[in-house]
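In this note's numbering, the protein residues as written are 646 to 800. Just so you know, even glycine gets a beta-carbon here, dropped at the ideal spot from N, CA and C. Values in this document were obtained by computation on a predicted structure and should not be read as measured data.
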């Protein structure tokens, strides 16, 4: 698994390799003709969302680090002090931002995986590939045309 700090870079490289162009050019191509490749348009959209989530996470981490540094300066050495509620809220914000970033990264990974469910072009599922029953069968035999006696009745 790639380093969590480099998730965006790794996925950007995978996108650039797949489409054989830098992400900025791919974004321009999709903006110019979004219907030309719906797959590229979807991946570019989710990459943009991932980039936005990474920026929010970086900002949240910076704010938390600054708040922790200020708190540590105010606390005497070797003294255990609970963190104030505003710092705990900043930590929760970092956790939420991290969760959002990871969810968007998972979506981009899924879109890039040709073997992922929904991305496969399975021949065995196409209607054209189906020509008949999977097992050889014979037509059912018809009953004799004559009268069959049934207990207590005649048909």
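In this structure, DSSP gives residue 652 a helical state, which the three-state scheme calls helix.
Within its own chain, the residues whose Cβ lies closer than 6 Å to the Cβ of residue 701, once the five positions on either side in sequence are excluded, are 742, listed in chain order.
Judged by beta-carbon spacing, residue 719 lies beyond the 8 Å limit of residue 735, meaning their Cβ atoms are not closer than that value. The straight-line gap separating the alpha-carbon atoms of residue 745 and residue 752 is approximately 11 Å.
If you draw a straight line from the Cα of residue 696 to the Cα of residue 653, it is about 7 Å long. Going by C-alpha positions, residue 658 is about 46 Å away from residue 724.
Residue 684 and residue 761 have their alpha carbons spaced roughly 14 Å apart. Around the beta-carbon of residue 665, fewer than 16 other beta-carbon atoms lie within 10 Å, marking it exposed. Boundaries of the alpha helix (DSSP H) harbouring residue 715: 683-719, taken from the DSSP string. Ranked by Cα distance from residue 688, the first of 731, 750, 732 is 750. Nearest to residue 651 by alpha-carbon distance, out of 699, 758, 716, is 699. Taking the Cα of residue 738 as reference, the smallest distance to any Cα among 728, 709, 763 is reached at 709.
Under the three-state reduction of DSSP, residue 749 is assigned to helix.
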